[in-house]
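Report on the following structure.
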Amino acid sequence: MSATSSLTWSLLTLVACAGCLPADLRPEPSKVMVDVDMPLDLRQMQAVPNAITFPTADGWTITLDRFFVSMGNMMLQGPSCAEYASAWYGRILDLSQPGPQRLGQLWGLNGCRLTFEAMRPSENAVLGAGVTEEDRSYMRHAVVPFANGDQILSDEGMALHVRGNATKDQIQIGFDWGFSTGRRFGECKRVVDGEVEDHLPLVGGDTTEITLGIDPRELFVFIDPTRSPAQPATAELLMQRIADADQVQGNQNGRVSIEELVVPKFTIRDRELNLADVLRLITFPSMFNYGGADSICRLGFADDDGR
Amino acid sequence: MTGFINGCFAALGLVTASIALPQSALGQQSGAQAPQTQAPTTYANVIPPRLVEKTLVAYPSHAEGDAVVVLVVTVNADGRVRAASVQSGEPPFTDAAVDSVKGWRFEPATRNGKAIAATIRIEITFRAPVAQDVGSDEPSDVTAPTQTQTKETGSGKAHAAVAKVPQPIEVTIAGDRRAPMVVSLARTEVRQIPGTFGDPFRAVEILPGVTPLLSGLPYFYVRGAPPGNVGYYLDGIRVPYLYHVAIGPSIVHPGMVDHVDLYSGGYPARYGRFAGGIAAAETTKPNPTWRGEANVRLYDAGAMVEGGFDQGKGTILLGGRYSYTAALISLAAKDVKVDYRDYQARVSYELSTKDQISLVGFGAYDLIATESGGISTVRFGTEFYRGELRWDRKIGDDGHLRTAFTLGYDQSSMVGRVNAQNRMGGLRTEFRKPLARTLHLRAGVDGLLESVRASHVPYEDPDNPEAGLVQRLFPPREDSVLGVYGELGIEVQPRFFITPGVRVDYFTSGSATAVGVDPRLSAKLKLSDRFALVHAYGIAHQPPSFMLPIPGYSLGSLAKGLQTSYQTSAGIEWGLGKGTVLTSNLFHNVFTNLTDALSVPEGLQQLDDMNQRSRGRSYGFELFLHRKLTRDLGGFLSYTLSRSTRRLGNDTFPAAFDRRHVLNTALAYNLGRNWRAGTRLTLYSGAPKIVQTPPVPVNTEAPTAAPAMNPRIAEPPRDPAFYRIDVRLEKQWRYGKTTHLSFVAEVLNVTAHKEIYQGTEFGPIFVPSLGLEGGF
Chain A
1 MSATSSLTWS LLTLVACAGC LPADLRPEPS KVMVDVDMPL DLRQMQAVPN
51 AITFPTADGW TITLDRFFVS MGNMMLQGPS CAEYASAWYG RILDLSQPGP
101 QRLGQLWGLN GCRLTFEAMR PSENAVLGAG VTEEDRSYMR HAVVPFANGD
151 QILSDEGMAL HVRGNATKDQ IQIGFDWGFS TGRRFGECKR VVDGEVEDHL
201 PLVGGDTTEI TLGIDPRELF VFIDPTRSPA QPATAELLMQ RIADADQVQG
251 NQNGRVSIEE LVVPKFTIRD RELNLADVLR LITFPSMFNY GGADSICRLG
301 FADDDGR
Chain B
308 MTGFINGCFA ALGLVTASIA LPQSALGQQS GAQAPQTQAP TTYANVIPPR
358 LVEKTLVAYP SHAEGDAVVV LVVTVNADGR VRAASVQSGE PPFTDAAVDS
408 VKGWRFEPAT RNGKAIAATI RIEITFRAPV AQDVGSDEPS DVTAPTQTQT
458 KETGSGKAHA AVAKVPQPIE VTIAGDRRAP MVVSLARTEV RQIPGTFGDP
508 FRAVEILPGV TPLLSGLPYF YVRGAPPGNV GYYLDGIRVP YLYHVAIGPS
558 IVHPGMVDHV DLYSGGYPAR YGRFAGGIAA AETTKPNPTW RGEANVRLYD
608 AGAMVEGGFD QGKGTILLGG RYSYTAALIS LAAKDVKVDY RDYQARVSYE
658 LSTKDQISLV GFGAYDLIAT ESGGISTVRF GTEFYRGELR WDRKIGDDGH
708 LRTAFTLGYD QSSMVGRVNA QNRMGGLRTE FRKPLARTLH LRAGVDGLLE
758 SVRASHVPYE DPDNPEAGLV QRLFPPREDS VLGVYGELGI EVQPRFFITP
808 GVRVDYFTSG SATAVGVDPR LSAKLKLSDR FALVHAYGIA HQPPSFMLPI
858 PGYSLGSLAK GLQTSYQTSA GIEWGLGKGT VLTSNLFHNV FTNLTDALSV
908 PEGLQQLDDM NQRSRGRSYG FELFLHRKLT RDLGGFLSYT LSRSTRRLGN
958 DTFPAAFDRR HVLNTALAYN LGRNWRAGTR LTLYSGAPKI VQTPPVPVNT
1008 EAPTAAPAMN PRIAEPPRDP AFYRIDVRLE KQWRYGKTTH LSFVAEVLNV
1058 TAHKEIYQGT EFGPIFVPSL GLEGGF
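Chain order of the listed sequences is A and B. Position one of the first sequence corresponds to residue 1 (the numbering used here), numbered consecutively onward. Position one of the second sequence corresponds to residue 308 (the numbering used here), numbered consecutively onward.
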């Protein structure tokens, strides 16, 4: 072999050693399919398409003609969890559409906990059934007034857009609210067969299905977390307070504004909150659950700056 | 003295060096005086070696000023140089002299007519550039002599054998050219720059015109051109990146690097296919004398060794580095693995006195992985490899022809995202030769074939908007480019030199084609021996590029056209004496059709934005005051005042990393007893902030549609300025003439200062390093 050919072969040998990055030798993961739906009883009450109707404990009947929520940014976490693929994107869902609706799918193995967000939509948020590009643009760019203590501020974009009215005894109160503060529901656990399921047991090759619940009724239900254990966990009659914010303390124009909602006050753990704060910080996140009312998630704020 | 033909080479910016040799050594050289050998007085029957063939002694392109180097050279009985060591002189001149002399061939010394090994002393005088040059770095003439000394070195025991030479012999040698707008850093000096950890490539960040993304990260803008538009070359071979992950070291062992050049704009026609700057590193020349370097630091270890075989006809170099950061990091984060390594190999062999063949191979590997539940997942992995077979041939006394065949393989992997690969093969020919005393030619042609593949992500939500985008961004395809270039160095008048050049590239990518015609022109007018005006103009084209130089990440949108830059600059070079040089430039670059998602605020929201095209402009002022850090007291001050903007639609706004002021200054001092200390200050102003919707009181009772807030405004607020202080302390022990051992303590960001970008604190990026370095 000549010197030239020896060198050539050496060169080829050098290049042939390429590809040292480890190949993907991971075992087959489990597919996790995540859907979103309203509670069955609420869906059964849905008499009119594209509208959600339900009564409240204080005698009001609420009809939501728009209940759009932006959700997603799902991932699997846990000390032993091997997440193969997250679903780090958002989807806008019209909850009045027939459910359940697909939110996304993930892949993982071993014991994992799901984290998801309700956050302001990004430019490429996926459109759920009945949601248009105009809806997405509106939810991205609408200026949302919100209460922060006694201040009324504004932000751009909304994680939830809820519009409707409440009627009681010939009185009709309208509302049109956007919720800009995104929330994160992390490391969720649920109750299965009476036992708290600490982790999703993900087995390779299997498909695990999870249905996240959204109950719009919870937006109008406030249970004081500071009540004593002896007191029953009865809901505050919130809709009446909301109505009073317009009819009693407000301008009585039949529409409840954020400015009117900052007037009613609650004192919770020595901190004074107004009604708008309660809606934004307490009842809005309480609508979401992870596979049942007994589910537990670590509640945080969505990191939606990068939307 | 008849030897200097600086009139010839000065016209082209060449530099001259005079070499003192035994008079008899030059008898065969053109222009030399007749040999006037005289028998030595001590050993009357000893005849000293006589030079029969010389190789270039190039004036280091990164050096300044005059210098004298004295070498002690041992010539074997077969006439080859066995060893050359430095008796006096300073790097980089000593390096250039040693490199060159080792390639010389002698008629061996004789005693009683029998060839013997001998040691001679050679004095080489380098003279600073007197003119812009173009091409040759070959010896050009031989003239006057000086005295020498010879030693017989039989059986390792030397006897003094003074060859008294009545008249010295001097050889005039043309140095390498220095492109008008290049800034060069020699490895010997880079070692002294705090915060670079001895890596020549890292030192690029201190140069004027260079704007960092974030402190410590080895990605930077050059005169407004983003990292993806800056080309990196190692010995003329394009490489995707120069540094290991994050704040890692460079991808070749520092001991292999001779110097690094930064061409900020208007660069020579031989460089193309990048619309921004060029960072080009040259390795040391093959050296048959065994030498080696090794270092052990807190987070990695590296070594390099080089030597000759077959009586010096061949040389072999092996080097590499391995990090054990994984072990260190695992102490703090058991589920994180960080790994990097690299290797270099070079074998060269002289087929004849004019022909040399070389095989060069190098590669780098980086991996960040996490482990959970016993399953290891690659978060980011990248690697690239290059192999080149090259043939160098001397054309006449001062011409050079190189033909090289290159193979390459790039791959990057991000689990859940993309596994992108790029296989390539290329052929290039480079030629340079003086055509006349005032006219030098440099030309070349090269072709490159690339196969781009991006694998489908095995587990992916099909509804995810980013699903499939990988294939859209990096579509499987075959790319090719064929380029030809030529440039002439012309002495218009004795103090006025111009270098016109042009390169033409024909690109194909899938079914798309494009042609880039890149004219270049640089000019230098010497108003005095120490003061010159320098201008450079050029157009550069580049196919679509990813925002960061990541192996295998090659955008496939050539159908939307080439990225183009129009580069202009004008400046001065002013030798202030005592080794201090001041350079200053004004520059103005215009960019069109850029795939620069990095510079566009909110430009990274979607992968599709990577193909978004924008226009841009950058202009500014650069100042570089430099006194070599290898002197007892050395330092530099590098300052850039600039503005870089982008234009999308009707919006003109500052580039995302537009920093008005960038200042780097360093000082190194010889404390005595082989202690050396240095410190460096890096200071730069904040980047523009993305403007959020202001929280203003509103009275609306319901959400109302509002116009989209445009974050791309002309004068946004900026993040706070950032500063960083680095320190370095070295103690060196020397054993003999060449062996040394050093203890080096170095800290990057000794004050642990945090940087703020977009209102978010980063870091502090604080890197301490303790290490031992040794060499022979």
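All C-beta atoms in this analysis are idealised placements derived from N, C-alpha and C, irrespective of residue type, glycine included.
- Here the alpha carbon of Thr947(B) sits roughly 56 Å from the alpha carbon of Ile214(A).
- In this structure, Val376(B) places its C-beta atom within 8 Å of the C-beta atom of Ser395(B).
- Taking a cut-off of 8 Å for Cβ pairs, the region 53 to 61 of chain A and the region 78 to 87 of chain A do not touch, as fewer than three such pairs fall below it.
- Going by C-alpha positions, Gly111(A) is about 9 Å away from Leu76(A).
- If you look at Leu238(A), you'll find it in the alpha helix (DSSP H) that goes Leu238 to Gln247.
- Against chain A, a Cβ distance below 7 Å from Asn771(B) picks out Ala87 and Tyr89.
- Look at Met721(B) here: in three-state DSSP terms it is strand.
- Going by C-alpha positions, Val969(B) is about 26 Å away from Pro575(B).
- At a C-beta separation below 7 Å, Ala82(A) has these neighbours in chain B: Ser679, Gly680, Ile682 and Thr684.
- Assignment of Gly562(B) by DSSP, reduced to helix, strand and coil, places it in the helix class.
- Between the region 825 to 838 of chain B and the region 745 to 756 of chain B, the count of C-beta pairs closer than 8 Å stays below three; the two stretches do not touch.
- At least 8 Å separates the CB of Leu127(A) from every CB of chain B.
- With a 10 Å radius around the Cβ and a threshold of 16 neighbouring Cβ atoms, Arg987(B) comes out buried.
- Non-local C-beta neighbours of Ala877(B) in its own chain, meaning closer than 6 Å and more than five positions away in sequence, comprise His842 and Leu893, ordered along the chain.
- Given a length threshold of 3 residues, each whole run of the beta strand (DSSP E) inside the region 181 to 229 of chain A is given here in chain order: 183 to 192, 195 to 197, 200 to 202 and 207 to 214.
- With contacts defined by Cβ atoms closer than 8 Å, Gly1078(B) and Val1051(B) form a contacting pair.
- Taking 8 Å as the CB threshold, Leu780(B) stays off the interface with chain A.
- Here DSSP, grouped into helix, strand and coil, assigns Glu117(A) to strand.
- In chain order, Ile92, Pro121, Ala125 and Leu127 place their CB closer than 7 Å to the CB of Arg136(A), counting only its own chain and leaving out the 5 sequence neighbours on each side.
- Residues of the region 738 to 768 of chain B with a C-beta atom less than 7 Å from some C-beta of chain A are Pro765, Tyr766, Glu767 and Asp768, listed in chain order.
- Comparing alpha carbon positions, the residue from Tyr766(B), Arg648(B) and Ser1076(B) closest to Tyr631(B) is Arg648(B).
- In this structure, Ser154(A) lies away from Met119(A), with their beta-carbon atoms at least 8 Å apart.
- Taking one beta carbon from each stretch, the region 792 to 809 of chain B and the region 575 to 586 of chain B have 3 or more pairs nearer than 8 Å; the two touch.
- Cys188(A) sits buried, since 16 or more C-beta atoms from the chains shown fall within 10 Å of its C-beta.
- Taking the CA atoms as reference points, Leu1036(B) sits about 14 Å from Leu1048(B).
- Cβ-Cβ distances below 7 Å link Leu521(B) to Glu1062, Tyr1064 and Phe1069 in the same chain, with the five nearest sequence neighbours on each side left out; the list follows chain order.
- Here the region 381 to 393 of chain B lies against the region 418 to 429 of chain B, with 3 or more beta-carbon pairs under 8 Å apart.
- Within chain B, the C-beta atoms nearer than 7 Å to that of Gln105(A) come from Asp768, in chain order.
- Per the Cβ contact rule, the region 203 to 222 of chain A is in contact with the region 17 to 36 of chain A (3 or more Cβ pairs under 8 Å).
- For His161(A), the uninterrupted beta strand (DSSP E) run begins and ends at Leu160 to Lys168, by DSSP.
- Short of 7 Å from the beta carbon of His161(A), and not among the five residues preceding or following it, lie these beta carbons of its own chain, in chain order: Arg66, Phe68, Met139 and Gly178.
- For Tyr672(B), the neighbours in chain A by C-beta distance under 7 Å run, in chain order, Cys20.
- Neighbours of Pro29(A) in chain B, taken as residues at a C-beta separation under 8 Å, are given in chain order as Tyr766.
- Judged by their CB atoms, Thr989(B) and Tyr1030(B) are nearer to each other than the 8 Å cut-off.
- For Arg628(B), the three-state secondary structure derived from DSSP is strand.
- For the pair Gly886(B) and Ala821(B), the CB atoms are not nearer than the 8 Å cut-off.
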